[in-house]
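Participant:
Number of protein chains: 2
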Amino acid sequence: MSEQKKKKYNEKEFLSVIPEAMPAQDDQQSIPLRETVFLTLRKLILTGKLDPGERLTEVRLGKILGTSRTPIREAIRKLEIEGLVTITPGSGARVAKITEGDLQDVMEVRSTLDQLCARLASQRISEEDKKELIKANETFEYSTKFGNEQEIAESDVHFHEVITRAAGNRRLDQVMNGMADTIYRFRYEYIRDDLHYEELIMEHRAICRAILDRDPEQAAAAAKDHIDRQHEFILGQLRKSKSEK
Amino acid sequence: MSEQKKKKYNEKEFLSVIPEAMPAQDDQQSIPLRETVFLTLRKLILTGKLDPGERLTEVRLGKILGTSRTPIREAIRKLEIEGLVTITPGSGARVAKITEGDLQDVMEVRSTLDQLCARLASQRISEEDKKELIKANETFEYSTKFGNEQEIAESDVHFHEVITRAAGNRRLDQVMNGMADTIYRFRYEYIRDDLHYEELIMEHRAICRAILDRDPEQAAAAAKDHIDRQHEFILGQLRKSKSEK
DNA sequence: GATGATAAAAATGTATGGATAAGAAAAAAA
DNA sequence: TTTTTTTCTTATCCATACATTTTTATCATC
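The listed protein sequences correspond, in order, to chains F and U.
Each residue of the first sequence is one higher than the last, beginning at 0 in numbering that gives the first Met the number 0.
Each residue of the second sequence is one higher than the last, beginning at 0 in numbering that gives the first Met the number 0.
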């Protein structure tokens, strides 16, 4: 039946989706090609353009993106370590699947580290970053009212990025970024319904206020509250999405 | 003066140190060469055989390890993400330097996550892992009495690995491993004096007991106590080592 | 129709070559 | 002697080629 078509179908869709995502970097010489490929593939995975489990073939990707296999290989290796791709030696790479267990794992770690971020940020935030934080919060609130889902998601991510950066701990920043990718995928994959933006706004405000007031414990508590609710909500969505199938 | 000699000198020492570290993997076919190279270089960096700041040239490493440049490149990319190597595009790779700031960063994050590990482990540890934990603890105590520094360090690392694994959170495991590398480098670089093994033993016992008793809060507290002391001690060593120069 | 063996196709793993750019050495100028 | 410029070596980056392994397709058999 359609079983026969399936292969060609995937290929077609794949082909149609990629080229526009790959920026022609003729002007910017200094960026290595592998980095461009990496960012391109990463974005495609994060936004669900490449489905979990889909195979990432070097030659095919090379043809599509117009490069040789070498930069593709290196990009895929990097994606593997970011957890977005799983490689089985000798066989090849696939887009990593995201399971409920993964979410659980990430959320447990993130809950703890978000608290740490908030605590440290409230102790160390610079005057400059304070302005940035206020702005990020305003942008978020604005986008919940007038923006589309993508804009909301991005402003949300940015809000948390500012806090993470304000914590002034590179390692923490790095770890948080790695987990943010996974969470982003979940959101993109499962969350279609309207979030309860009013709650989110209140929670963000609470975190914001505590950090600006330089109140570490309050900040940590607000962060914990936020992430726990988030976790619960995403889990709910996940189960709803499952039961629909 | 000896400025002129310096380059050649490094080269020589480098050449002499590597080959014995690279296992001849003629028997085991299934492991990719890049993985072997990766592990080899990783070990050399962790144990200080390759100095911080030292340049890692593809061709040279290829000659020394007897492989082409391709596996070397891929191993280096992986090392970069692990934080053991810094790459400047177009220029090449160097062994990453470790600063006091790095230690501070890692310790802050690790303090939090160690508590999480202990807490989760005490809730989730299996009967099998309980035995493993007890054994790891005994091995550690034994090695502090009869082993050399390397053995002590390794049994210490293993003790914490068991706990981390018992926590049953892959993401946590992964993050902890990444940080363990950095800490290991510090220990190897700066810690020559005898540690206060009696204290360490007592602290390990406390953690062990709390986990076996399935007491999350106690476990977290014991872990925090342990890591904070460790941090303090390493910092002290670091400053002592600095003032000696 | 399902299952298993065999052969063809394709993909990965590794090696190597050419183009470009960074870095070192040498030469020229101050 | 120091600084600047130029030349030349060397390394990375990407592309490509070959060898081996894995996957897929085909066909025979139960």
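For every residue, glycine included, the Cβ atom is placed at its ideal position computed from N, Cα and C.
1. Compare the C-alpha of residue 124 of chain F against each of F:204, F:83, F:166, F:91 and name the closest.
2. Is the distance from the Cβ of residue 207 of chain F to the Cβ of residue 171 of chain F below 8 angstroms?
3. Are residue 108 of chain U and residue 168 of chain F touching if we call contact CB-CB under 8 angstroms?
4. Can you give me the C-alpha to C-alpha distance between residue 45 of chain F and residue 148 of chain F, rounded to a whole angstrom?
5. What are the residues of the stretch 216-229 of chain F that lie near chain U, defined by any Cβ-Cβ distance shorter than 7 angstroms?
6. Compute the beta-carbon to beta-carbon distance between residue 95 of chain U and residue 75 of chain U, rounded to the nearest angstrom, for a pair I have assumed lies under 8 angstroms.
7. Using the beta-carbon of each residue, which ones in chain F are nearer than 7 angstroms to residue 31 of chain U?
8. Which residues, in chain order, does the stretch 54-74 of chain F contribute to contact with chain U at a C-beta distance below 9 angstroms?
9. Looking at the structure shown, is residue 124 of chain U part of a helix, part of a strand, or coil, going by DSSP?
10. In this structure, does DSSP put residue 33 of chain U in helix, strand or coil?
11. Take residue 33 of chain F as the anchor and find which of F:112, F:211, F:66 has the nearest alpha-carbon.
12. Round the Cβ separation of residue 239 of chain F and residue 110 of chain F to the nearest angstrom and send it over; I've been treating them as touching at under 8 angstroms.
13. List the endpoints of the continuous alpha helix (DSSP H) containing residue 181 of chain U.
14. If we require 4 or more residues per run, which alpha helix (DSSP H) segments fall completely within the stretch 94-148 of chain F?
15. Residues in its own chain within less than 7 angstroms of residue 73 of chain F by CB, not counting five upstream and five downstream?
16. For residue 78 of chain U, go through chain F and note every residue whose CB falls closer than 8 angstroms to its CB, in chain order.
17. Taking a cut of 7 angstroms between CB atoms, which residues from the stretch 97-108 of chain U lie near chain F?
18. Using 8 angstroms as the threshold, is the stretch 198-205 of chain F in touch with the stretch 194-202 of chain U, meaning 3 or more CB pairs across them?
19. Between which residues of its own chain and residue 128 of chain F is the CB-CB distance below 6 angstroms, once the five residues before and five after are set aside?
20. Can you tell me where the beta strand (DSSP E) holding residue 69 of chain F begins and where it ends?
21. Taking residue 209 of chain U as part of the alpha helix (DSSP H), name the residues at either end of that continuous run.
22. Ends of the alpha helix (DSSP H) at residue 221 of chain U?
23. Restricting to Cα atoms, I'd like to know which of U:132, U:81, U:88, U:228 is closest to residue 181 of chain U.
24. Beta-carbon within less than 6 angstroms of residue 54 of chain F's beta-carbon, same chain only, minus the 5 sequence neighbours each way: which residues are those?
25. Taking 8 angstroms as the CB-CB limit, is residue 27 of chain U close to chain F?
26. Could you tell me whether the Cβ of residue 84 of chain U comes closer than 8 angstroms to any Cβ of chain F?
27. Rounded to the nearest angstrom, what separates residue 64 of chain U and residue 30 of chain U at their Cα positions?
28. For the beta strand (DSSP E) containing residue 46 of chain U, list its first residue and its last residue.
29. Should residue 145 of chain U be labelled buried (16 or more other beta-carbon atoms within 10 Å of its own) or exposed?
30. Spatial neighbours of residue 58 of chain F within its chain, please: C-beta separation below 7 angstroms, excluding the five flanking residues on both sides.
31. Evaluate residue 133 of chain F with the Cβ neighbour count: other Cβ atoms within 10 Å of its Cβ, from every protein chain shown; 16 or more gives buried, anything less gives exposed.
32. Have a look at the DSSP bridge pairing and note the partners of residue 84 of chain F.
33. Can the beta-carbon of residue 158 of chain U be found less than 8 angstroms from the beta-carbon of residue 185 of chain U?
34. Residue 60 of chain U and residue 71 of chain U - do their beta-carbons sit closer together than 8 angstroms?
35. Mind checking whether residue 220 of chain F and residue 121 of chain F have CB atoms under 8 angstroms apart?
36. Taking 8 angstroms as the threshold (beta carbon to beta carbon), is residue 176 of chain U in contact with chain F?
Facilitator: A quick look at the data gives this:
1. F:166
2. no
3. yes
4. 14 angstroms
5. none
6. Residue 95 of chain U to residue 75 of chain U, Cβ: 11 angstroms. No contact.
7. 88
8. 69, 72, 73
9. coil
10. helix
11. F:66
12. With 8 angstroms as the limit, residue 239 of chain F and residue 110 of chain F do not qualify as a contact, their Cβ atoms being about 22 angstroms apart.
13. 169-189
14. 99-123, 126-145
15. 33
16. Those do not exist, as residue 78 of chain U stays about 11 angstroms from chain F at its closest Cβ, beyond 8 angstroms.
17. 104, 105, 107, 108
18. no
19. 165
20. First-last for residue 69 of chain F: 68-81, but that is the alpha helix (DSSP H), not the beta strand (DSSP E).
21. 196-211
22. 215-243
23. U:81
24. 93
25. For residue 27 of chain U, the pLDDT reaches just 46, beneath the cut-off of 50, and the residue's location in the model is therefore unreliable, leaving the point undetermined.
26. no
27. 16 angstroms
28. Here residue 46 of chain U belongs to no beta strand (DSSP E), and DSSP marks it neither H nor E.
29. exposed
30. 68
31. exposed
32. F:94
33. no
34. yes
35. no
36. no
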